[in-house]
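Following: one structure in structure tokens, then a few remarks.
Residue numbers (UniProt numbering): 1 to 46.
Shown next, in the form of structure tokens:
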């Protein structure tokens with residue numbers, strides 16, 4: 001039952017992440033954390 005409660009939330013969460021892409025790229029969010037990975041947080045979200 002707990003998993004099915006989040007089905008309605010998923011499209012909203014995906015839409016919010018899509019809307020935040022310019023901010024993520026422009027502000028270089030989590031740049032320090034992702035510096036050891038071969039990709040950025042922006043690439044991870046996309």
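We treat Cβ as the ideally placed atom computed from N, Cα and C, and that holds for glycine.
From residue 16 to residue 23, what distance separates their C-alpha atoms?
Translated into the one-based positions of the chain shown, residue 16 becomes position 16. Translated into the one-based positions of the chain shown, residue 23 becomes position 23. If I take the Cα positions, the gap works out to 11 Å.
Near residue 30, which residues of its chain fall below 6 Å by C-beta distance, leaving aside the five closest residues on each side in sequence?
Indexing the chain shown from 1 puts residue 30 at position 30. Once the five neighbours on either side are set aside, the close Cβ partners of residue 30 are 41.
Tell me which residues share the same chain as residue 25 and place their Cβ nearer than 6 Å to its Cβ, disregarding the 5 neighbours each side in the sequence.
The count along the chain shown starts at 1 and reaches residue 25 at position 25. For residue 25, where only same-chain residues beyond five positions count, the Cβ hits under 6 Å are 42.
Under the three-state DSSP convention, the category residue 20 falls into
Taking the chain shown and counting its residues from 1, the one referred to as residue 20 is at position 20. Note: residue 20 maps to coil in three-state DSSP.
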